[in-house]
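So the protein sequences, as listed, match chains A and B.
Everything in the first sequence is counted per this note's numbering, starting at 723 for the first residue and increasing by one.
Everything in the second sequence is counted per this note's numbering, starting at 218 for the first residue and increasing by one.
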Amino acid sequence: EAGVVQSPRYKIIEKKQPVAFWCNPISGHNTLYWYLQNLGQGPELLIRYENEEAVDDSQLPKDRFSAERLKGVDSTLKIQPAELGDSAVYLCASSFSGESYNEQFFGPGTRLTVL
Amino acid sequence: GNSVTQMEGPVTLSEEAFLTINCTYTATGYPSLFWYVQYPGEGLQLLLKATKADDKGSNKGFEATYRKETTSFHLEKGSVQVSDSAVYFCALSDVYSGAGSYQLTFGKGTKLSVIP
């Protein structure tokens, strides 16, 4: 079974430029998460989708960040414009959410460097 | 709110040494507890979990026991190997009613290096 796929793996951009990250979750997983991981820190949730609906985006900086999950499968996270402080690893995870606990599976992440 | 505190690294051990990584938590409800591992260049992987008090999670020689009275979930391994070198994250979750999906709250991670 294929895992969570993310692309690109690495991205280097100049500040004020836009950038987008793509995530393909595990087939059949209805819940998708985007996390931000700063250097030396644990991941922090940015947004959680149940199917195509964003059910928790309270930590997403909406002035510059946006996300979408069309058709409830793939998802894209965008930053426009990027700032120096956005340099971090952006992780995508997915799970199948039902009546009981279900494990989140993580992708390898996209490492963003803003110059 | 929820929070997780784990011992700061880096931790450097010789092969076959005993490992303990401390983790304590603060939560308003009755969370599930997890240890995730991140090998170099890879995504986070679930190492083990415990969903209620006194449960012991175990995997690949690692163990952790959910201690409600001390709000702890310390990770242990009796004999580490070079291949265990990675970053270890303690995490907790609250199960949301209805949907069954949940948010993970992570500690800052502890980097373990095992030398031959």
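All residues carry an ideal CB built from backbone N, CA and C; glycine is no exception.
All of these numbers come straight from a predicted model, not from anything done at the bench.
Could you check if residue i belongs to the surroundings of the ligand MG, using beta carbon to heavy atom distance under 7 Å?
{"i": "B:E259", "result": "With respect to the ligand MG, the structure offers nothing, as it holds no ligand at all."}
Using a Cβ cut-off of 7 Å, pull out every chain E residue sitting near residue i, in sequence order please.
{"i": "B:L263", "result": "Considering every chain present, this structure includes no chain E. Its protein chains are A and B."}
Chain A beta carbons: is any one of them nearer than 8 Å to that of residue i?
{"i": "B:L236", "result": "no"}
{"i": "B:F306", "result": "yes"}
{"i": "B:F323", "result": "yes"}
Would you mind working out which of the options sits nearest residue i, comparing C-alpha positions?
{"i": "B:M224", "options": "B:C307, B:A267 and B:T243", "result": "B:C307"}
{"i": "A:G794", "options": "A:G829, A:S817, A:A804 and A:S809", "result": "A:S817"}
{"i": "B:S289", "options": "B:S296, B:S275, B:D271 and B:A303", "result": "B:D271"}
{"i": "B:N219", "options": "B:K277, B:P248, B:R284 and B:T327", "result": "B:P248"}
{"i": "A:L768", "options": "A:K738, A:S809 and A:P783", "result": "A:P783"}
{"i": "B:L329", "options": "B:L261, B:K269, B:V304 and B:F251", "result": "B:V304"}
Suppose you measure from the CA of residue i to the CA of residue j; what does that come to, to the nearest Å?
{"i": "A:N752", "j": "A:E775", "result": "10 Å"}
{"i": "A:T832", "j": "B:Y253", "result": "18 Å"}
{"i": "A:F787", "j": "B:E259", "result": "25 Å"}
{"i": "B:K294", "j": "B:T237", "result": "7 Å"}
{"i": "A:E772", "j": "A:L792", "result": "12 Å"}
{"i": "B:D311", "j": "B:T245", "result": "9 Å"}
{"i": "A:G798", "j": "A:L813", "result": "Per the sequence shown, residue 798 of chain A should be read as Thr rather than Gly. Each residue's Cα considered, the two are about 12 Å apart."}
Quick one: using the 10 Å Cβ neighbour count with 16 as the cut-off for buried, is residue i buried or exposed?
{"i": "A:R770", "result": "buried"}
{"i": "B:S300", "result": "exposed"}
{"i": "A:R731", "result": "exposed"}
{"i": "A:P747", "result": "buried"}
{"i": "B:K273", "result": "exposed"}
Give a yes or no on whether 8 Å exceeds the smallest Cβ distance from residue i to chain B.
{"i": "A:A787", "result": "The sequence shown places Phe at residue 787 of chain A, rather than the Ala named in the question. No, because no Cβ of chain B sits closer than 8 Å to the Cβ of A:F787."}
Which runs of the beta strand (DSSP E) fall wholly inside the region 259-323 of chain B and span at least 3 residues, in chain order? Whole beta strand (DSSP E) segments, 3+ residues: 261-267, 273-276, 279-282, 292-294, 303-312 and 319-323.
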